[in-house]
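So in our numbering, spot 104 of the sequence shown is number 270, and the numbers just go up one at a time.
Beta carbons are placed, not taken as given, at the ideal position from N, Cα and C, and that holds for glycine.
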Amino acid sequence: MNRDETIIKNFKQKSFLKIMDFSKEELTQLIDLSIMMKKAKKENIPHKLLKDKNIALIFEKPSTRTRAAFSVAGRDLGANIDYFGKEELHIGEKESIEDTAIVLGRMYDAIEFRGHRHQDVEALSASAKVPVWNGLTDEWHPTQMIADFMTITEVFGSLEDKTLSYIGDGRNNIARDLLITGSILGVNVNIISPEKLFPDDDIIQMAQQYATLSGSKINISSDIDKTIVNSDVIYTDVWFSMGESKDLIDERIQLLKPFQVNQQLLEKTKNPNTIVLHCLPAFHDTNTNIGLSIHNKYDLEAMEITDQVFQTNKEMIFNQAENRLHSIKAIMAVTLGDMDTFYEQMAI
Ligand code: CP
Ligand code: NVA
Numbered sequence: 167m168n169r170d171e172t173i174i175k176n177f178k179q180k181s182f183l184k185i186m187d188f189s190k191e192e193l194t195q196l197i198d199l200s201i202m203m204k205k206a207k208k209e210n211i212p213h214k215l216l217k218d219k220n221i222a223l224i225f226e227k228p229s230t231r232t233r234a235a236f237s238v239a240g241r242d243l244g245a246n247i248d249y250f251g252k253e254e255l256h257i258g259e260k261e262s263i264e265d266t267a268i269v270l271g272r273m274y275d276a277i278e279f280r281g282h283r284h285q286d287v288e289a290l291s292a293s294a295k296v297p298v299w300n301g302l303t304d305e306w307h308p309t310q311m312i313a314d315f316m317t318i319t320e321v322f323g324s325l326e327d328k329t330l331s332y333i334g335d336g337r338n339n340i341a342r343d344l345l346i347t348g349s350i351l352g353v354n355v356n357i358i359s360p361e362k363l364f365p366d367d368d369i370i371q372m373a374q375q376y377a378t379l380s381g382s383k384i385n386i387s388s389d390i391d392k393t394i395v396n397s398d399v400i401y402t403d404v405w406f407s408m409g410e411s412k413d414l415i416d417e418r419i420q421l422l423k424p425f426q427v428n429q430q431l432l433e434k435t436k437n438p439n440t441i442v443l444h445c446l447p448a449f450h451d452t453n454t455n456i457g458l459s460i461h462n463k464y465d466l467e468a469m470e471i472t473d474q475v476f477q478t479n480k481e482m483i484f485n486q487a488e489n490r491l492h493s494i495k496a497i498m499a500v501t502l503g504d505m506d507t508f509y510e511q512m513a514i
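Take a look at the structure:
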């Protein structure tokens, strides 16, 4: 764990829109700070770094973890939080993103936005004149990445020489972001999916460039047996993401059934210390409306991860979910807070 004030200062008053906007050193500082934020919370060390700041949370898509994490982190930091759900603002319907951004930017100190098009969060940030945090778009989920690589750091002590294998829809926001974030941070990343769901070429090329700089290896493959050996982390996500057309379900299930994370697949890793991660929500049983309707139509007890694997690894997966709180708090704090005071309190 280290502290570099000059690097931490780079985040001040800056939006957090996508991982590529930051260097390996900056991301590493943020991961370390997230671990410190967790310690501060567990040990009741005061950290009201955003006292009396006003924060707007805008959610065009549903959320459990991200909304809860921004709300609780904001309150722990001493800020006032206002939540705006879908259809509660004029945004996009009666008022442009730009005009909304100007109005909110004159009232709030920062804005969180979860939406469909990535260009919308960029547009919000360009006009708001206050920092904007991306709470997920169709293309990226950067706050999730800080929690995920924080979790891996906690388990293994460092990210050095680690290999992460993502299995499932290789085109979605999580797969793209794991590929890019891993390649910036020097983590080897395998994307294992059917060829039809490989990430776009421009994403693979970008990851390759970052990997050359960081010394990591990236590999995009549909060959599970060959690719999965020696993985330290097996990561999966839903087979269809929020906002995708229901017409895709049939095809996705047929394509992705062989890529389910189940016991047989885990046995192929040959690494006794492999951990399993999932950003959640997960379809590991039939205890959801969607899970049940998929079961009735396709006779599947689970989709991307079996209940057996989920139950065996749930301590890790729910720790990953809890880490959304600590990492989002770190992001909010470096953007708006007086970090010198925090580091002094933590005696670092
Ligand atoms: N992982 C994640 O972003 O969860 P939510 O959709 O519940 O926010
Ligand atoms: N790929 C998923 C991630 C959810 C956190 C989605 O966008 O729905």
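Closer than 7 Å: residue i CB and nearest the ligand CP heavy atom
i: residue 344; result: no
i: residue 179; result: no
i: residue 310; result: yes
i: residue 233; result: yes
i: residue 443; result: no
i: residue 229; result: yes
i: residue 491; result: no
i: residue 447; result: yes
i: residue 302; result: yes
Residue i: CB within 7 Å of a non-hydrogen atom of the ligand SAH
i: residue 185; result: The ligand SAH is not among the ligands present in this structure, which contains only the ligand CP and the ligand NVA.
Own chain partners of residue i with C-beta closer than 6 Å, once the 5 adjacent residues on each side are dropped
i: residue 310; result: 445
i: residue 324; result: none
i: residue 204; result: 492
i: residue 224; result: 250 and 279
i: residue 342; result: 365 and 369
i: residue 466; result: 460
i: residue 248; result: 222
i: residue 483; result: 444
Residue i CB to nearest heavy atom of the ligand NVA below 7 Å
i: residue 455; result: no
i: residue 307; result: yes
i: residue 316; result: no
i: residue 286; result: no
i: residue 403; result: yes
i: residue 340; result: yes
i: residue 407; result: yes
Beta-carbon contacts of residue i that lie in its chain and below 7 Å, excluding the five residues immediately before and after
i: residue 420; result: none
i: residue 284; result: 303, 304, 305 and 306
i: residue 409; result: 227, 282 and 304
i: residue 270; result: 222, 277 and 294
i: residue 509; result: 169
First and last residue of the uninterrupted beta strand (DSSP E) at residue i
i: residue 280; result: 276-280
i: residue 444; result: 441-444
i: residue 302; result: Note, residue 302: premise wrong, no beta strand (DSSP E); not H, not E.
i: residue 329; result: 329-333
i: residue 194; result: Segment 190-208 is the alpha helix (DSSP H) holding residue 194; no beta strand (DSSP E) there.
i: residue 402; result: 399-402
i: residue 431; result: Not the beta strand (DSSP E): residue 431 falls in the alpha helix (DSSP H), residues 429-433.
i: residue 246; result: 246-251
i: residue 522; result: Residue 522 is absent from the model: the chain starts at 167 and stops at 514.
i: residue 223; result: 220-225
8 Å Cβ shell around residue i - same chain, five flanking residues per side excluded
i: residue 515; result: The question about residue 515 has no answer here: the residues shown for the chain are numbered 167 through 514.
i: residue 268; result: 293, 294 and 295
i: residue 244; result: 214, 215, 216, 217, 218 and 219
i: residue 287; result: 183, 279, 281, 298, 300 and 303
First through last residue of the alpha helix (DSSP H) which encompasses residue i
i: residue 508; result: 505-511
i: residue 347; result: 339-351
i: residue 314; result: 308-322
i: residue 242; result: 231-242
i: residue 111; result: No information on residue 111 is available, as it lies outside the stretch 167 to 514 that the chain covers here.
i: residue 500; result: 480-502
i: residue 290; result: 284-294
i: residue 459; result: 455-464
i: residue 270; result: 263-273
i: residue 384; result: Per DSSP, residue 384 belongs to no alpha helix (DSSP H); it is in the beta strand (DSSP E), 384-387.
i: residue 419; result: 415-422
i: residue 393; result: 390-394
i: residue 452; result: Per DSSP, residue 452 belongs to no alpha helix (DSSP H) and is neither H nor E.
Touching by the beta-carbon criterion (3+ pairs, under 8 Å), the segment 216-225 and the segment 459-474: no
Touch test, the segment 325-335 against the segment 283-302, Cβ-Cβ under 8 Å, three pairs minimum: no
Segment contact flag, the segment 374-390 with the segment 346-366, C-beta cutoff 8 Å, min 3 pairs: yes
Cβ contact check for the segment 171-178 and the segment 189-198: 3 or more pairs under 8 Å: yes
Validate contact between the segment 486-504 and the segment 204-214 using beta carbons, cut 8 Å, 3 pairs: yes
Three or more C-beta pairs below 8 Å linking the segment 386-397 and the segment 353-363: yes
Segment contact flag, the segment 234-244 with the segment 474-493, C-beta cutoff 8 Å, min 3 pairs: yes
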